[in-house]
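Asks: If you read the sequence shown in numbering that gives the first Met the number 0, its first letter stands for residue 0, the second for the next number, and so on. C-beta atoms are modelled at their ideal positions from N, C-alpha and C, and glycine is treated no differently.
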Amino acid sequence: MKVTPVHLVAADFKVTVLELRNLMELRKTDAVTHIKDTYGDIYEICERLKTSPTDGILGTPAELDVRKSIFGQNFIPPKKPQTFLELVWEALQDMTLFILEVAAIISLGLAFYHPSGGSLAACPTSDSGSNEEEGTTDWIEGAAILLSVGCVVLVTAFNDWSKEKQFRGLQHRIESEQKFTVIRHGEVTQVPVADLVVGDIAQIKYGDLLPADGLLLQGHDLKIDESSLTGESDHVKKTLTKDPVLLSGTHIMEGSGKMVITAVGLNSQTGIILTLLGVGENKEKTKQKEHKKPIDSPDSVVVEDMPEASRNKTSDRRKSSKKEPLHKKEKSVLQAKLTRLAIQIGKAGLMMSVITVIILIVSFLLRNFVIHKYVWTAKCTAVYMQYIVRYFIIGVTILVVAVPEGLPLAVTISLAYSVKKMMKDNNLVRHLDACETMGNATAICSDKTGTLTMNRMTVVQAFFGGKHYTVIPTPDSIHSTILSYLCKGIAVNCAYTSKILAPEKEGGLPRHIGNKTECALLGFLMELKQDYEAERTKIPEEALYKVYTFNSDRKSMSTVLKNADGSYQMFSKGASEILLQKCSRILNAVGRPDLFTKQDNDYMIQNVIEPMASEGLRTICLAFKNFPAGYSEPMWDDENKILSDLTCIAIVGIEDPVRPEVPEAIRKCQKAGIVVRMVTGDNINTARAIAIKCGILQPGETSQCLNGKDFNRLIRNEKGEITQELIDKIWPSIRVLARSSPSDKYNLVQGIIDSKISVQRQVVAVTGDGTNDAPALKKADVGFAMGLAGTDVAKEASDIILTDDNFSSIVKAVMWGRNVYDSISKFLQFQLTVNVVAVVVAFTGACVTQNSPLKAVQMLWVNLIMDTFASLALATEKPTEALLKRKPYGRNKPLISRTMLKNILFHAFYQLVVIFVLLSVGEKLLDIENGRTAPMQSPPTQHYTIVFNTFVMMQIFNEINARKIHGERNVFEGIFTNTIFCCVTLGTLIVQILIVQIGGKPFSCTPLTLEQWLWSIFLGLGSLLWGQVIIGIPNSCLCCLKEVGEGPPAQMTETELAKDKSEIDYDERELSRSSQILWLRGLRRIQTQSKVVKAFRASAYDLRAATMEAVTSSKTI
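Printed below as a string of structure tokens:
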């Protein structure tokens, strides 16, 4: 085959981009016919693309530049991000902000509007004396409200914009690290996906997500899931003679092979579709991942990712749930609780607001028209309406004060901070709700290989020639025939991408490239002084006649060779107890086949396989079969017949040591109330031994170890259908599920999630690395994919990617998840204390004096600026090991516990007592002028300034109290490890000093003396002392306190989701008939308006998934 010339120019290529695009639009026999008629065969296309099917392109920088300039780059421009102004506009749509804006406009209008129909002099009221001058400063209130809106909008928009920018940078870095295997200049190498060019010869294998379009050059049992592009649910078998077209964005579900890349980037089929959708230009929001969409829904694409057998097994679940035609969608734990809390706060705030307005209006009417007997004349209507509108504004102000404005920012900061730190702990979070959901996990279903073990496999025992070797023997002690079978069988029946390379550093371990089990077998050959590379050179991959690739149903891999005399030879490797059952002969000490009976099989299992497995070794059987010449060619599709009558060569025991940090990590999980289960495809004895080493199985426990067959038998009724009642009988005691298929894993996960035998609904995390793990990963509350060993399909189905494939990283994810939950609870405890006090003070002041002691600008500082600071301080606490010493909160656990509610109410009581004492007798205690009797137009008084200053001091010191929410006495523990908290507290104090001392009339403040400052600080410090008193009050004495935010997450059917895209839950739906609905929706949006999910919505994974689903839907229509 012609090799690529050193100097390429455009004229050297005898095929155009348009021709290749037209070719890739053809399918199956149409493509085969077109290739034959136009080019002859695929090798001629390689010739025209100046590439070698065996050696690939040279890959020099100059050649790559030429190919990119002619055929394009393998890059699809991302969706155009929202501009800062668009984010500002989006933030302005919030209902609560809309209320604030209307209130500001009304307030400003009243300040500058003087009705012609009447005047205060002509329309007397009991308040005429003070209100005449009040109008000169009324505009400050409206301006303050507008300023508060501006602060919230700018903070929200800037936060979204900065997080989106950061994540795009992070996503770009991740994508630049994604690599694909190609052959260049005769050498197998991995290159970044973006560097793939037309003409590259790519090696493809099970689990790959194809990054470009291409034509098949060589395939072994290759099956592709093209549902994302074509909508076809069945896996498509790819062969050179029937369907050689491979499309970007599709998943390889089985097999392996090679392809020549014919279209990249915008010229690929995915690129063409994205161009039609307006990539980089559309403003349509990328569809976020549907949280935990049940895999058994009729329209679920992930079920299509399963092999036929797995799909049939999983379909049993569908039969057992026919009574539920519409599946339900659950909110995340924190989202559901925040929604409920918002509605409860909304009810309380709305009630206070309505009561205030009624009291003010009734008192105004009684005072003026009953007591003073004024007459309401037509010309005075406008004047009197001013009072009523002003009372309405006071009611709205109380409503606004009741809303925790800092909560969205606290959620945002906590999630963003955690995600950034989790990256350092080897957790790449793909879906933000998984971050906090992981903190509530009650069960983890973990893989064994690579997660609990080191995935550094070595053959340490072997059985061949009738002898069990506990130490690998020297080559001269093994018969040459056996060595020959071992060398040939392992070399050709392991993927050619699996190899062992020299160590990178002198004295280091050899590098294992590819499948780790196959690398262990290749290392076994090297230990026996056999050269597997020489065998592969003699039998190149192109010479393999047929390959039965490994999958979860076969539990084996077989390769067929065609000999020169027309005979065939097949080598197999796989699970020892399964493959041994298909053996009828075994090689003896001199390499001759002896009969292998059922008694021999039982002897091998009891005396070879089980002893190996009991030591935690993975046992692999190596076998072969000869098909003599002179007969008709075997029916290769009849696998049962082909994979029978085998001759056993050897049984090997492969050691994969447990990661040293895993036993301690599992102990932490168990102390934290999390049950760890091992789900593996290994032999049950191997799995049991590893589980004991890890600490999953404990002496004296009544835990079960089941294999897949027994599990399936126990969960099915007499009709063969899976029932929840049967699953409920066994899942609580299962700790190890061995020889399990992906459908077994899925059924176990769904059974645990759907179970109702425990008070709390189980929250399940699952790890997976294979393509067939995708259904279980998708079904789980949190799916962890392996970053090193995981397939692209598994990663796309996951919520979090473990970049080091280590179980201990999952424990860190639990810590961060619990920390997020606690951070939000800490902020709520602080924020609601502030709000309770502010609402009561504003309500009392409005009802008693028709004026609030805390002015509008002061409330701006307290309610917004301090909220922002507090969310920054309390949401950035670092997780500690103490988080793992308590049980999970659970889905039904209230967001505000009884301890938190006790703290909120008692601290609010202390603050209210202090404020009302200062208001009523403060002038006597501190020997200052009486602010209550000061005329409206007079300058700010020291009396009311001390009230405001003391209120802020109490909040600063109560912020320290809020660091602990479980009744801990030492509220200062770890305070200096949180630099942000210290800086925020100090910064708040400095700003407060500036406001009081130089703020003047805009802040309604007058400078205080040192003595007055010391009194304010002393009363603030009282919060810390009062906090110690509160801790001493047992919760059992406060049974009257009701926890807030309880109840399971609301569920919605797909029909309801279609009607209501805003995800209003059932609590809100019950109120939808009343006039409260707008306000409640506004509260609902406050909880989510600043969620970082918006900043993450443009991730490449989700963009690709959303685009593929959109295309599938359009094709279906």
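Strictly by DSSP, which residues pair up with S557?
Replies: For the purposes of this step, residue 557 is taken as the residue at position 558 of the sequence shown. Y547 and S571, per the DSSP bridge assignment.
Asks: If you run the structure through DSSP and keep just helix, strand and coil, what is G707?
Replies: By one-based count along the sequence shown, residue 707 stands at place 708. Residue state, collapsed to three classes: helix.
Asks: Tell me whether M384 is buried or exposed, calling it buried when 16 or more other Cβ atoms sit within 10 Å of its Cβ.
Replies: The count along the sequence shown starts at 1 and reaches residue 384 at position 385. Under this definition M384 is an exposed residue.
Asks: Where do the ends of the alpha helix (DSSP H) carrying R584 lie?
Replies: Taking the first residue of the sequence shown as 1, we reach residue 584 at position 585. Not the alpha helix (DSSP H): R584 falls in the beta strand (DSSP E), residues C582 to L586.
Asks: When the Cα atoms are used, what is the spatial distance from A211 to A30?
Replies: One-based indexing of the sequence shown puts residue 211 at position 212. One-based indexing of the sequence shown puts residue 30 at position 31. Computed Cα separation, rounded: 17 Å.
Asks: According to DSSP, what are the bridge partners of M677?
Replies: Position 678 of the sequence shown, counted from the first residue, corresponds to residue 677. Answer is S445 and V735.
Asks: How long is the line joining the alpha carbons of Q828 and I577, rounded to whole angstroms?
Replies: Position 829 of the sequence shown, counted from the first residue, corresponds to residue 828. Position 578 of the sequence shown, counted from the first residue, corresponds to residue 577. Approximately 59 Å between the Cα atoms of the pair.
Asks: Quick check on N514: buried or exposed, where buried means 16 or more other Cβ atoms within 10 Å of its Cβ?
Replies: Locating residue 514 in the sequence shown gives position 515, where the first residue counts as 1. Buried, because 16 or more other Cβ atoms sit within 10 Å of the Cβ of N514.
Asks: Identify every run of the alpha helix (DSSP H) within the segment 724-783, keeping only runs that are complete inside it and at least 4 residues long; order them along the chain.
Replies: Within the segment 724-783, the complete alpha helix (DSSP H) runs of at least 4 residues are 741-753 and 773-778.
Asks: On a Cα-Cα basis, can you pick out the residue from Q954, Q669 and E880 that is closest to N834?
Replies: The residue given as residue 834 occupies position 835 in the sequence shown. The shortest Cα separation from N834 among Q954, Q669 and E880 belongs to Q954.
Asks: From K423 to C620, what distance separates their C-alpha atoms?
Replies: Your numbering for residue 423 matches position 424 in the sequence shown. Your numbering for residue 620 matches position 621 in the sequence shown. K423 and C620: Cα-Cα distance of roughly 41 Å.
Asks: So K257 is in the beta strand (DSSP E); what residue range does that whole segment cover?
Replies: Counted from its first residue, the sequence shown places residue 257 at position 258. Where K257 is concerned, the enclosing beta strand (DSSP E) stretches over H250 to A262.
Asks: From this set, F806, L776, N805 and M814, which residue's C-alpha is nearest D798's C-alpha?
Replies: In the sequence shown, the residue the question calls residue 798 occupies position 799. Ranking the options by Cα distance to D798, first place goes to L776.
Asks: Secondary structure at V589, three-state DSSP: helix, strand or coil?
Replies: Residue 589 sits at position 590 when you count from the first residue of the sequence shown. V589: coil per DSSP, three-state reduction.
Asks: Let's test the definition: count the other Cβ atoms within 10 Å of the Cβ of Q1086 and tell me whether it reaches 16, buried, or not, exposed.
Replies: In the sequence shown, counting from the first residue as 1, residue 1086 sits at position 1087. Bear in mind that a pLDDT of 37 at Q1086, under 50, signals an unreliable position, so the number given afterwards is only what the model happens to contain. Answer is buried; the Cβ neighbour count reaches 16.
Asks: In angstroms, rounded to a whole number, what distance separates the CA positions of Q605 and H965?
Replies: Here residue 605 refers to the residue found at position 606 of the sequence shown. Here residue 965 refers to the residue found at position 966 of the sequence shown. About 54 Å.
Asks: Tell me, please, whether the segment 567-583 touches the segment 618-634 by the rule of three or more beta-carbon pairs shorter than 8 Å.
Replies: The answer is yes - the segment 618-634 touches the segment 567-583, with three or more Cβ pairs under 8 Å.
Asks: Alpha carbon to alpha carbon, how far is L86 from A1094? Give it in angstroms, no decimals.
Replies: Here the question's residue 1094 lines up with position 1095 in the sequence shown. Here the question's residue 86 lines up with position 87 in the sequence shown. Low confidence applies to A1094: its pLDDT is 34, below 50, so where it sits in the model is not reliable enough to give any reading.
Asks: Are the CB atoms of V607 and V458 nearer to each other than 8 Å?
Replies: Along the sequence shown, one-based indexing puts residue 607 at 608. Along the sequence shown, one-based indexing puts residue 458 at 459. Not a contact, by the Cβ cut-off of 8 Å.
Asks: My output table needs one value for Q1121: the three-state DSSP class, helix, strand or coil.
Replies: What is shown of the chain runs 0 to 1116, which leaves residue 1121 out entirely.
Asks: For the beta strand (DSSP E) that contains L86, what are its first and last residues?
Replies: Along the sequence shown, one-based indexing puts residue 86 at 87. First-last for L86: F83 to L91, but that is the alpha helix (DSSP H), not the beta strand (DSSP E).
Asks: Whose C-beta lies closer than 7 Å to the C-beta of I683 among residues of the same chain, with five residues either side of it excluded?
Replies: Taking the first residue of the sequence shown as position 1, residue 683 is located at position 684. Result list for I683: C704, N706, A737 and R738, in chain order.
Asks: Whose CA, out of V813, L25 and S631, lies closest to the CA of A671?
Replies: Counting from 1 along the sequence shown, the entry for residue 671 is found at position 672. The option with the nearest alpha carbon to A671 is V813.
Asks: Less than 8 Å between the C-beta atoms of I959 and T875, yes or no?
Replies: Taking the sequence shown and counting its residues from 1, one reaches residue 959 at position 960. Taking the sequence shown and counting its residues from 1, one reaches residue 875 at position 876. Not closer than 8 Å, so no.
Asks: Identify whether R1068 lies in helix, strand or coil by the three-state DSSP scheme.
Replies: For the purposes of this step, residue 1068 is taken as residue 1069 along the sequence shown, with counting starting at 1. Model confidence at R1068 stands at a pLDDT of 35, short of 50, so the residue's coordinates are unreliable; what they give is reported in the following sentence. Here R1068 sits in helix by DSSP.
Asks: L245 to K420, Cα distance in whole Å?
Replies: Start at 1 with the first residue of the sequence shown, and residue 245 comes out as number 246. Start at 1 with the first residue of the sequence shown, and residue 420 comes out as number 421. Using only the alpha carbons, I get a separation of about 39 Å.
Asks: Measure from the alpha carbon of L917 to the alpha carbon of each residue in D242, A796, N716 and W1014, then state which is nearest.
Replies: Position 918 of the sequence shown, counted from the start, is the residue given in the question as residue 917. Ranking D242, A796, N716 and W1014 by Cα distance to L917 puts W1014 first.
Asks: Taking 8 Å as the cut-off, decide whether the C-beta atoms of S267 and I203 are in contact.
Replies: Within the sequence shown, the letter at position 268 stands for residue 267. Within the sequence shown, the letter at position 204 stands for residue 203. In this structure, I203 does not lie closer than 8 Å to S267 by Cβ.
Asks: Between which residues of its own chain and T939 is the CB-CB distance below 7 Å, once the five residues before and five after are set aside?
Replies: As a first step, residue 939 is located in the sequence shown; it is residue number 940 there, counting from the start. Note that residue 939 is Pro in the sequence shown, not Thr. Around P939: K1000, S1003, C1004 and T1005.
Asks: Among D599, A574 and T28, which has the Cα closest to the Cα of I585?
Replies: In the sequence shown, the residue the question calls residue 585 occupies position 586. The candidate whose alpha carbon is nearest that of I585 is D599.
Asks: Report all residues from its chain with a CB closer than 7 Å to the CB of V838; omit the five preceding and five following residues, and keep chain order.
Replies: Indexing the sequence shown from 1 puts residue 838 at position 839. Once the five neighbours on either side are set aside, the close Cβ partners of V838 are M351, I397, V400 and A401.
Asks: Is it true that the CB of A440 sits closer than 8 Å to the CB of V781?
Replies: Position 782 of the sequence shown holds residue 781. Position 441 of the sequence shown holds residue 440. Yes, the pair counts as a contact, with Cβ atoms nearer than the cut-off.
Asks: Using 10 angstroms around the beta-carbon of L215, count the other beta-carbons present and answer buried if the total reaches 16, otherwise exposed.
Replies: In the sequence shown, the residue the question calls residue 215 occupies position 216. So L215 ends up on the buried side.
Asks: Tell me the rounded alpha-carbon separation between L145 and V983.
Replies: Within the sequence shown, numbered from 1, the residue matching residue 145 stands at position 146. Within the sequence shown, numbered from 1, the residue matching residue 983 stands at position 984. Rounded to whole angstroms, L145 to V983 spans 25 Å at the Cα level.
Asks: Is A841 helix, strand or coil when you go by DSSP?
Replies: As a working note, residue 841 is residue 842 in the sequence shown. Correct three-state label for A841: helix.
Asks: What ranges does the beta strand (DSSP E) occupy inside the segment 962-996, keeping only unbroken runs of at least 3 residues that lie completely in it?
Replies: Counting only runs of 3 or more, we get nothing.
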